[in-house]
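Working notes, structure below.
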Amino acid sequence: MASILIVDDDQPVLTTLEILLRSEGHEVRAFEAAAEANDALWSGEPLDLVITDLRMSPIDGIQFIDVVNEARPDVPILVVSAYLDEPAIAEVERRGCAGYVKKPFTMEEILTAVYRILRPEKKS
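Quick note on numbering: the sequence shown equals residues 808 to 931 in this note's numbering.
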């Protein structure tokens, strides 16, 4: 299955995402802060998807998206945040994120978004 890196400073959300995605058979590395995830990004280990929150500190989600784009420009990013207003959506789209899900979310919403990114429909 896929190798997924998750960054979210909301521990219950982080744990929920980690358990859900592991139950689907994915390899998951979960971090409460973007700074903690840097080593995993730059390690060169396989990585198929990054899931990140937007409002975190000291490094916020937008800054982390920029780091991901620099370290792993080929890896898609899924944003999961309670703060997805029109300007935030425009910003994550401008930075090339593959998708977004607004908190609170259902398990189905997350899995749909993840699999839409990991298994895009082939166009004939």
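Cβ coordinates follow ideal geometry from the N, Cα and C atoms, glycine included.
| said: Within 10 Å of its beta-carbon, does P911 have 16 or more other beta-carbons around it, so buried, or fewer, so exposed? | reply: exposed
| query | What three-state label does DSSP hand S864 in the structure shown? | reply | coil
| Straight-line CA distance for M863 to I826? | 21 angstroms
| request: Tell me, please, whether the segment 835-850 touches the segment 886-901 by the rule of three or more beta-carbon pairs shorter than 8 angstroms. | output: no
| Chain-order list of residues whose beta-carbon lies under 8 angstroms from that of I896 (same chain, five-residue window excluded) | Y907
| request: Starting from S850, trace the alpha helix (DSSP H) both ways and give me its first and last residue. | output: Element bounds for S850: n/a, residue is neither H nor E.
| Identity of the residue in A905, A920, I858 nearest A841 by Cα | I858
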